[in-house]
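Read through the structure below, which is laid out as structure tokens, and then see the notes.
Protein chains: 2
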Amino acid sequence: MKIIHYSNVEAKAFPGGHAHGAVGRVLIGQNDGAKNFCMRIFEIEPGGYTAQHAHPWEHEVFVHQGKGAFFDGNEWHTAESGTAVFIPGDTEHQIKNIGDQTMLMLCLIPSGAPEL
Amino acid sequence: MKIIHYSNVEAKAFPGGHAHGAVGRVLIGQNDGAKNFCMRIFEIEPGGYTAQHAHPWEHEVFVHQGKGAFFDGNEWHTAESGTAVFIPGDTEHQIKNIGDQTMLMLCLIPSGAPEL
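Those sequence lines, one after another, are chains F and C. All residue numbers in the first sequence are consecutive under this note's numbering, ending with 128. All residue numbers in the second sequence are consecutive under this note's numbering, ending with 128.
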């Protein structure tokens, strides 16, 4: 059993190219023996955002802290702490922090996709 | 894209038999087209606990709110909000709320395991 607070995991640059004010951490992944899916947490500063992009794998997201806007390829939706977001594979998406505190969100991916 | 606050999802009895003061919700699962893994959230009242048990599939857990104790088959470990817990398959485990507020924890499982 692995137990670790997210703040004790090394932060890395956000994957996928263009992003601003965003870092990620792998909380549970292949190195822990997690063979089916990977848990990451992303930290987005106020005003920060991820790149708009799409890829074949899905995201299962949960907003742990703060308030974000999620683009689904057509429109933006808001999501606050306690909200789950499912982004199916091949869906254009982008995420912005639209609150005044750091946004923390879990973002899980199936194995085979790049962890970070 | 599915966006839903956990409180808007129907709560169900905790799976796995003996449990006290605990309910679960499927946030993202097969019904949403999530074919690889499933996101649930469990709500455990102060003093509540889940059954001690083991099963072949792993759990990827994240404590969203509150303070819990996690049994790994040998000893108990504490985990507060912001902590990730990886419970490999076939590991005996039990979870208790040892804080004074409702404990909320995500608990993700691979597809094939019962969602709830």
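Built from N, CA and C at the ideal position, the CB exists for glycine as well. Bear in mind that the values here come from a model prediction, so they are computed numbers and not experimental data.
With DSSP as the reference, label residue i as helix, strand or coil.
| i | result |
| --- | --- |
| F/Ser-19 | helix |
| C/Asn-86 | coil |
| C/Asn-43 | helix |
| F/Ala-66 | coil |
| C/Gln-106 | strand |
| F/Ser-93 | coil |
| C/Ala-31 | coil |
Beta carbon of residue i, beta carbon of residue j: below 8 Å?
| i | j | result |
| --- | --- | --- |
| C/Glu-104 | C/Gly-85 | yes |
| C/His-76 | F/His-76 | yes |
| F/Pro-100 | F/Glu-72 | no |
Which residues in the same chain as residue i place their Cβ atom closer than 8 Å to its Cβ, once the five residues preceding and following it in sequence are excluded?
| i | result |
| --- | --- |
| C/Glu-127 | Val-38, Gly-41, Gln-42, Cys-50, Arg-52, Ile-121 |
| F/Ala-34 | Phe-26, Phe-54, Glu-55, Ile-56, Glu-57, Gly-60, Tyr-61, Thr-62 |
| C/Glu-64 | Looking at the sequence provided, one finds Gln at residue 64 of chain C rather than Glu. Correct list, in chain order: Phe-83, Glu-104, His-105, Gln-106. |
| F/His-30 | Ala-63 |
| C/Ile-110 | Lys-79, Gly-80, Ala-81, Thr-90 |
Quick one: measure Cβ to Cβ for residue i and residue j, integer angstroms, because I've assumed they're closer than 8 Å.
| i | j | result |
| --- | --- | --- |
| F/Lys-14 | F/Asp-44 | 5 Å |
| F/Ala-66 | F/Asp-112 | Incorrect: roughly 29 Å between the Cβ atoms, too far for contact. |
| C/Asn-48 | F/Asn-48 | 7 Å |
CB-CB under 6 Å to residue i, same chain, minus the five flanking residues each way: which ones, in chain order?
| i | result |
| --- | --- |
| C/Ala-46 | Ile-40 |
| C/Ile-89 | Per the sequence presented here, residue 89 of chain C reads as His, with Ile not at that position. The residues are Phe-82. |
Short of 7 Å in beta carbon distance, which residues of its chain neighbour residue i, apart from the five on each side in sequence? Order them along the chain.
| i | result |
| --- | --- |
| C/Glu-92 | Val-75, Lys-79 |
| C/Lys-108 | Tyr-61, Gly-80, Ala-81 |
| F/Glu-22 | Arg-37 |
| F/Pro-68 | Gly-101, Asp-102 |
| F/His-32 | Gly-60, Tyr-61 |
| C/Glu-87 | none |
Residue i CB to nearest chain D CB: under 8 Å?
| i | result |
| --- | --- |
| F/Met-117 | Checking the listed chains, one finds no chain D in this structure; the protein chains it contains are F and C. |
Are the stretch 88-107 of chain F and the stretch 26-45 of chain C touching, with three or more C-beta to C-beta distances below 8 Å? yes
Tell me, please, whether the stretch 77-85 of chain C touches the stretch 111-119 of chain C by the rule of three or more beta-carbon pairs shorter than 8 Å. yes
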